[in-house]
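A.B. asks:
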Amino acid sequence: MNFLKSGIKTVLGAPEPGQQPSVAETVERLVERASNSTLLEDRRDACRALKALSRKYRLEVGAQGLDTLRQILELDRADNETINYALDTLNNIVSPSQFEEEEDKPNIPMNIGDQFTEMFIKDPHNIQLVLDLLDEHDFRVRLSTVQLLISLLTNRTKDIQEIILDKPMGVSKMMDLLGDTREVIRNETLLLLIKLTKGNANIQKIVAFENAFDRLFEIVSSEGYSDGGIIVEDCLLLMLNLLKNNSSNINFFKEGSYIQKMLPMFNIPEESEEVGWSPQKVSNVHCMLQLVRTLVSPSNSAQIISNCQKIMKNVGLLDALCNILMASGVPADILTETINSVGEVVRGDASNQEFIGNVIAPSYPPRPAIIVLLMSMVNEKQPFSLRCAVLYCFQCYLYQNEVSQASLVQTLLPSSSDVSNLTSGQILCGGLFSSDVLSNWFSAVALMHALIDNTTQKEQLLRVLLATNIGSNPVSLLHQCTTLLQQTTKLQSKVALLMLLSQWMSSCPAAVSAFLQVPGGVGYLVNQTCSNEHDDNEYLLQGMSAFLLAICINFNDDSVQTYSKESLKQLLVKRIGVEVFTAKLSEVCKHELYNKAAKHPQLRVGCPVDVLIDYEFCRLFKSLEGVLSQSLETRAVNGGGAGEADLEQYKALIRQQDARLHELVHQLDALAQQAQGLQSALNDSLAANSLLKDENTLLKAQVSANSIPTTQPAATQPPLPDPKLGEYEERIEQLNDEVTRLNGEMTRLNEEVSRLKGELKAAKDEEKNSAEEMEKLKKDQDDLLYLLANYDSKTNEYKLRLLQLGEKVEDDEPTDEENLT
Amino acid sequence: MAYAYLFKYIIIGDTGVGKSCLLLQFTDKRFQPVHDLTIGVEFGARMITIDGKQIKLQIWDTAGQEAFRSITRSYYRGAAGALLVYDITRRETFNHLTTWLEDARQHSNSNMVIMLIGNKSDLESRREVKKEEGEAFAREHGLVFMETSAKTAANVEEAFINTAKEIYEKIQEGVFDINNEANGIKIGPQHSTAGAGGAGGAGAGGAPPGGCC
Ligand SMILES: Nc1nc2c(ncn2[C@@H]2O[C@H](COP(=O)(O)OP(=O)(O)OP(=O)(O)O)[C@@H](O)[C@H]2O)c(=O)[nH]1
Ligand SMILES: [Mg+2]
């Protein structure tokens, strides 16, 4: 042995590794010896050496020795010492953690223990070998076996669980170890069982069947319950494993009267205030509270919850929890968890709810515990998680309990005679309108929970009046909430108020009616819904506004004329459009925090900014979303229910088209007149043009006739000097241009003109008149020039007249359109 | 809730023979017409009275499917009684009884009381296994026998209660070591204080003289 040790030392400490046998070679030699030596002592020594090497060189030992070690477990069972070395070596090889000795060896893979575990369990028989060793009573062997199993389970929980389940009595064997009188083994077995039961219902049931709860309660009680050490915590962790999501075991726990056995866990001695709570005690009590909550968790079946709640009340567990709530010196996180636990123990159980409603806190003056809790909820200085817990507890207190819901609303009603004491309603109203956004949110949500499935309270709450300013008239709570919704810029407050109003107004036409009468309420919702901002929270606000708007339509009893069911629908269709509306609505459940909230009744957020959506709102939304969007979508398809609305829509359409028609007729008339005017002007010009041409020809002829007596021809002849002739020619050319232009215009207007042949006849009459005028013009050339020069202004005059006609038409139109909107 | 004794039962037998239905009829007085395949094991409990004593029955309904066989084996050891069920309308479930019995005997404690049950007696027209065959098998292997119907509840109470009586008698005879919980028997918390059963039951055998306190 000594020789071997020093041998290893020389190997490891050798300055020239090339000449010395490498680690791999040494390991190989040792493995060879452990496997083949006929002498037990030799094999034992080899195992001892392998164990010594296995921390620093687990790669080498594991790679070469795994098979041999397994073989030792099988063949050398008679020698505990050898077995023990083999077990410890194996344990080092598969260890999930890194050894100190390995720290300077970067080439060792991080998951090496995991890899060796995989190799080891490839043959499930190897696990059987280890399990068989549990029968060995020897302390070292048993302890090492348990530790090896813990390592294996840590690395490959699922695989090992399945292998063990498949071995007859595999689980039972481990359970037996819990009865081992040697505490070290018992404690180590607890750790083993915690690993073994993690997430495997079948194993959990077998462990429970094997009287685990009896054993565990025995240990917890012998260790002094919450004052015990970490072993108490381990027992509780194992119990939690056995019960979490395992209804069969919860049923067994309840039927086995184990709830009664939990009671001493919650006896908090009076002197605890001075002594203070040790960290271990905090951990122990925390686990105990988790145990309570696991039994009555809202995710369990209703029957299990109800049974457990009744037992907890009957055996005094609820009472004990309330005592912790009222005790002084309780650490904040324990207090928080106790509040959560009390909540779940009373949730939906009328008698338990009544019980905590009657608990009086030892404050001065004495106040109901509920009041004291609510005061903490709206107190900014209290820890965030505690405030969340109070909200949850209060929600549980109201859950499915018409009495507690009614008594909350009652405290707000004008008839309420209790003016001297602070009431829950007053606290919540204070919180609702406080400047602390979390208080807004908590209070709105708390209030909302008094209204769930309770039409009576929804209507009662409408009667609540608030005195806002001295001297001004009191306004209703609903009015004030709506006003605040429009005024606040804080997201959390907005969402909270939208949730409160949604819950309040759903299935309550009276509340819808009240809301519709609040100035600006509907407009605000429409604008919010139409808003085009792009981020998740904006989408949420748009969707929630759409939701509330849809509630206004669906639960509308037509008592507010301006916002009847139909007119709101019209508004929605016109301003938003059904498709956009449905799309916005669907945004709500896409929000990350919506999905978080929808999972569990308790608000489970880590920080105040994540406080946004309440579980019950999600439920309401889920139950109504389909109905609401469907009622809007089907309108076009079926003529049945939505017939009246359809008719209205068509009427509106017809009115619109009618107005457009009028407009077009007027335009046509105007164009016809314009065409007519242009036509006559053109004719005038043409006539004038031809006249001038004739005159021009005549003059030219005259000029040529008088060409021989050049000197004094003008004396007897009409005075027509040469320059004037050139002027005329110029003008004729101008007129020709004008004619071309007008011809173009003619082509453009041909269609109108053809349709107005009748009117053109009248134009032709005028043309005759023009011709007559032109006769006069012939006599007076200056007049003719004047007429020609004024052609443009004449055209303008026509246009003006047309415009006048046009204006007359437009005067009629707006009155029609006003009827439509 | 106080009981004099607590007995642990298991219900075993091929899949579909009606094990879960028998338990449901016994604990909830209901019948479940749809085969809701048991996965692993399900727990049920009920209080009965024998000889004026309150006895709590804790019953583990196992899965008959082959895949769960090794899980089922984990429950033999700690059980005081077993209901071995076959379906009178399916002969193969009767044929498998030997295998079941071997398994049970191998893994349970030797004192475990086994009740053989031919279930679905309401389906007389489809019967494949004669009542006499069941009786003969029971006699041959030293079992108590009964035909039941989880549907009509015929003999269901009796099956569970008679098993309990058998165990109770064994306790009186001192066959069971009642202080060893591995036998599937527990003494109730209030047994010594003449408990819920009243004075009438106190005289019975005197086997457990003040188990606790
Ligand atoms: N008619 C009739 N049908 C029965 C009776 N008992 C059970 N069944 C029917 O038989 C089917 C199987 O019953 P289960 O109790 O689920 O069978 P099981 O033995 O628990 O089956 P596994 O859980 O797979 O082991 C169901 O459809 C039952 O409705 C009975 O007494 N009469
Ligand atoms: Mg079943």
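If you're matching them up, the sequences are chains A and B in order.
Numbering of the first sequence is given in UniProt numbering, commencing with residue 1 and proceeding in unit increments.
Numbering of the second sequence is given in UniProt numbering, commencing with residue 1 and proceeding in unit increments.
We treat Cβ as the ideally placed atom computed from N, Cα and C, and that holds for glycine.
For clarity, every value in this text was computed on a predicted model and none was experimentally measured.
For the alpha helix (DSSP H) that Ala444 of chain A lies in, which residues bound it at each end?
C.D. replies: Looking up residue 444 of chain A in the first sequence gives position 444. Membership of Ala444 of chain A in the alpha helix (DSSP H) is indicated by the continuous run 437-448.
A.B. asks: Indicate, with yes or no, if ligand 1 has a heavy atom lying under 7 Å from the CB of Asp28 of chain B.
C.D. replies: On the second sequence, position 28 is the one that residue 28 of chain B refers to. False, no ligand heavy atom lies under 7 Å from that Cβ.
A.B. asks: Excluding sequence positions up to five away, which residues of its chain have a Cβ less than 7 Å from the Cβ of Arg30 of chain B?
C.D. replies: Taking the first residue of the second sequence as position 1, residue 30 of chain B is located at position 30. Excluding positions up to five away in sequence, the list reads Leu24.
A.B. asks: Who sits around ligand 2, taking every residue whose Cβ is closer than 6 Å to one of its heavy atoms?
C.D. replies: That query returns the following residues: B:Lys19, B:Ser20, B:Thr38, B:Asp61.
A.B. asks: Would you kindly work out how many angstroms separate the C-alpha atoms of Gly120 of chain B and Val144 of chain B, rounded to a whole number?
C.D. replies: What you label residue 120 of chain B is simply residue 120 of the second sequence in a count that begins at 1. What you label residue 144 of chain B is simply residue 144 of the second sequence in a count that begins at 1. Gly is not the amino acid found at residue 120 of chain B; the sequence shown has Lys there. Each residue's Cα considered, the two are about 17 Å apart.
A.B. asks: If the cut is a Cβ gap below 8 Å, which residues of chain A does Gln58 of chain B touch?
C.D. replies: Counting from 1 along the second sequence, the entry for residue 58 of chain B is found at position 58. The answer, in chain order, is Phe252, Glu255, Gly256.
A.B. asks: Among all the DSSP beta bridges, which residues are the ones paired with Tyr5 of chain B?
C.D. replies: Working through the second sequence from its first residue, we reach residue 5 of chain B at position 5. Answer is B:Ile55, B:Ile187.
A.B. asks: Distance cutoff 8 Å, beta carbons only. Does His35 of chain B sit that close to anything in chain A?
C.D. replies: Taking the first residue of the second sequence as 1, we reach residue 35 of chain B at position 35. The beta-carbon of His35 of chain B is placed no less than 8 Å from the nearest beta-carbon of chain A.
A.B. asks: Does the Cβ of Val17 of chain B lie closer than 7 Å to at least one heavy atom of ligand 1?
C.D. replies: As a first step, residue 17 of chain B must be located in the second sequence, where it is residue number 17. Under cutoff, so the answer is yes.
A.B. asks: Since Arg77 of chain B meets chain A, which of its residues come closer than 8 Å, beta carbon to beta carbon?
C.D. replies: Counting from 1 along the second sequence, the entry for residue 77 of chain B is found at position 77. For Arg77 of chain B, the neighbours in chain A by C-beta distance under 8 Å run, in chain order, Met169, Ser172.
A.B. asks: Taking only the alpha-carbon atoms, compute the straight-line gap between Asp114 of chain A and Pro96 of chain A and give it to the nearest angstrom.
C.D. replies: By 1-based counting over the first sequence, the position of residue 114 of chain A is 114. By 1-based counting over the first sequence, the position of residue 96 of chain A is 96. Roughly 7 Å separates the two Cα atoms.
A.B. asks: What I want to know is whether the C-beta of Ser70 of chain B ends up closer than 7 Å to one or more non-hydrogen atoms of ligand 1.
C.D. replies: Counting from one through the second sequence, the residue named residue 70 of chain B turns up at place 70. No, ligand 1 has no heavy atom inside 7 Å of this Cβ.
A.B. asks: Here's the rule: buried if 16 or more other CB atoms are within 10 angstroms of the residue's CB, otherwise exposed. What is Met499 of chain A?
C.D. replies: Translated into the one-based positions of the first sequence, residue 499 of chain A becomes position 499. Classification of Met499 of chain A: buried, given that the 10 Å Cβ count is 16 or more.
A.B. asks: Look up Asp28 of chain B in the DSSP assignment and say whether it is helix, strand or coil.
C.D. replies: Numbered from 1 along the second sequence, position 28 holds the residue referred to as residue 28 of chain B. Three-state result, Asp28 of chain B: helix.
A.B. asks: Quick check: does the Cβ of Ala63 of chain B come within less than 7 Å of any heavy atom belonging to ligand 1?
C.D. replies: One-based indexing of the second sequence puts residue 63 of chain B at position 63. Yes, Cβ of Ala63 of chain B sits closer than 7 Å to a heavy atom of ligand 1.
A.B. asks: What is the DSSP secondary structure of Met146 of chain B, reduced to helix, strand or coil?
C.D. replies: For the purposes of this step, residue 146 of chain B is taken as residue 146 along the second sequence, with counting starting at 1. DSSP, read as helix, strand or coil, puts Met146 of chain B in strand.
A.B. asks: Identify, in the order they occur along the chain, each residue of the same chain with its Cβ nearer than 7 Å to the Cβ of Leu69 of chain A, setting aside the five sequence neighbours on each side.
C.D. replies: Against the first sequence, residue 69 of chain A aligns to sequence position 69. Correct list, in chain order: Ala86, Thr89, Leu90.
A.B. asks: Determine the chain B residues that contact Phe209 of chain A at a beta-carbon separation under 7 Å, and present them in chain order.
C.D. replies: Taking the first sequence and counting its residues from 1, the one referred to as residue 209 of chain A is at position 209. Within chain B, the residues near Phe209 of chain A are Trp60, Tyr75, Gly78.
A.B. asks: Starting from Met169 of chain A and walking both ways along the beta strand (DSSP E), at which residues does that stretch end?
C.D. replies: Locating residue 169 of chain A in the first sequence gives position 169, counting from the first residue. Neither: Met169 of chain A is in no beta strand (DSSP E) and is coded neither H nor E.
A.B. asks: Kindly indicate if chain A contains any beta-carbon less than 8 Å away from that of Gly64 of chain B.
C.D. replies: By one-based count along the second sequence, residue 64 of chain B stands at place 64. Output row for Gly64 of chain B: interface = no.
A.B. asks: Please report the distance separating the alpha-carbon of Val495 of chain A from that of Ser407 of chain A.
C.D. replies: Reading the first sequence from its first residue, position 495 is the one you call residue 495 of chain A. Reading the first sequence from its first residue, position 407 is the one you call residue 407 of chain A. Ser407 of chain A has its alpha-carbon roughly 26 Å from the corresponding atom of Val495 of chain A.
A.B. asks: Would a C-beta distance cut-off of 8 Å place Glu42 of chain B and Asp14 of chain B closer than the cut-off?
C.D. replies: For the purposes of this step, residue 42 of chain B is identified with residue 42 of the second sequence, where counting begins at 1. For the purposes of this step, residue 14 of chain B is identified with residue 14 of the second sequence, where counting begins at 1. Result no, Cβ atoms of Glu42 of chain B and Asp14 of chain B do not sit closer than 8 Å.
A.B. asks: When Cβ atoms are compared, which residues of the stretch 96-130 of chain B fall closer than 8 Å to chain A?
C.D. replies: His107
A.B. asks: Kindly indicate the opening and closing residues of the alpha helix (DSSP H) around Ala52 of chain A.
C.D. replies: The count along the first sequence starts at 1 and reaches residue 52 of chain A at position 52. It spans 40-53 - the alpha helix (DSSP H) in which Ala52 of chain A sits, taken as one unbroken run.
A.B. asks: Just to confirm my understanding: we take Pro718 of chain A, look at its own chain, exclude 5 residues before and 5 after, and list those with CB closer than 6 Å. What are they?
C.D. replies: By one-based count along the first sequence, residue 718 of chain A stands at place 718. Summary for Pro718 of chain A: the model assigns pLDDT 46, below 50, so the residue's position carries little reliability; its value from the coordinates is reported in the next sentence. Excluding residues within five positions, none has a Cβ falling inside 6 Å.
A.B. asks: Spatial neighbours of Ser125 of chain B within its chain, please: C-beta separation below 7 Å, excluding the five flanking residues on both sides.
C.D. replies: As a first step, residue 125 of chain B must be located in the second sequence, where it is residue number 125. For Ser125 of chain B, where only same-chain residues beyond five positions count, there are no Cβ hits under 7 Å.
A.B. asks: Please report the distance separating the alpha-carbon of Ser35 of chain A from that of Glu28 of chain A.
C.D. replies: Indexing the first sequence from 1 puts residue 35 of chain A at position 35. Indexing the first sequence from 1 puts residue 28 of chain A at position 28. One C-alpha to the other measures close to 10 Å.
A.B. asks: Spatial neighbours of Asn84 of chain A within its chain, please: CB distance less than 7 Å, with the 5 preceding and 5 following residues excluded, ordered by chain position.
C.D. replies: Numbered from its first residue, the first sequence carries residue 84 of chain A at position 84. For Asn84 of chain A, where only same-chain residues beyond five positions count, the Cβ hits under 7 Å are Arg140, Val141, Ser144.
A.B. asks: Quick one: which chain B residues come within Cβ less than 8 Å of Asp67 of chain A?
C.D. replies: What you label residue 67 of chain A is simply residue 67 of the first sequence in a count that begins at 1. Chain B residues near Asp67 of chain A: none, gap ~27 Å exceeds 8 Å.
A.B. asks: I need the DSSP call for Ser247 of chain A, collapsed to helix, strand or coil.
C.D. replies: Counting from 1 along the first sequence, the entry for residue 247 of chain A is found at position 247. Note: Ser247 of chain A maps to helix in three-state DSSP.
A.B. asks: Rounded to whole angstroms, what is the Cα-Cα separation between Gly16 of chain B and Glu132 of chain B?
C.D. replies: Working through the second sequence from its first residue, we reach residue 16 of chain B at position 16. Working through the second sequence from its first residue, we reach residue 132 of chain B at position 132. Distance between the alpha carbons of Gly16 of chain B and Glu132 of chain B is about 22 Å.
A.B. asks: For Phe43 of chain B, which residues does DSSP report across the bridge?
C.D. replies: Position 43 of the second sequence holds residue 43 of chain B. Answer is B:Trp60, bridged to Phe43 of chain B.
A.B. asks: Buried or exposed for Leu668 of chain A, going by 16 or more other Cβ atoms inside 10 Å?
C.D. replies: In the first sequence, residue 668 of chain A corresponds to position 668, counting from 1. Residue environment analysis places Leu668 of chain A among the exposed positions, since fewer than 16 neighbouring C-beta atoms fall within 10 angstroms of its C-beta.
A.B. asks: Return no unless some Cβ of chain A is closer than 8 Å to the Cβ of Gly81 of chain B.
C.D. replies: By 1-based counting over the second sequence, the position of residue 81 of chain B is 81. Not an interface residue.
A.B. asks: In the structure shown, what three-state DSSP assignment does Gly640 of chain A receive?
C.D. replies: Position 640 of the first sequence, counted from the first residue, corresponds to residue 640 of chain A. Note that Gly640 of chain A has pLDDT 42, beneath the 50 cutoff, so the model's placement of it is unreliable and no number is given.
A.B. asks: Does any residue of chain B bring its CB to less than 8 Å from the CB of Ile334 of chain A?
C.D. replies: Mapped onto the first sequence, residue 334 of chain A falls at position 334. Taking Cβ atoms only, chain B never reaches closer than 8 Å to Ile334 of chain A, which makes this a no.
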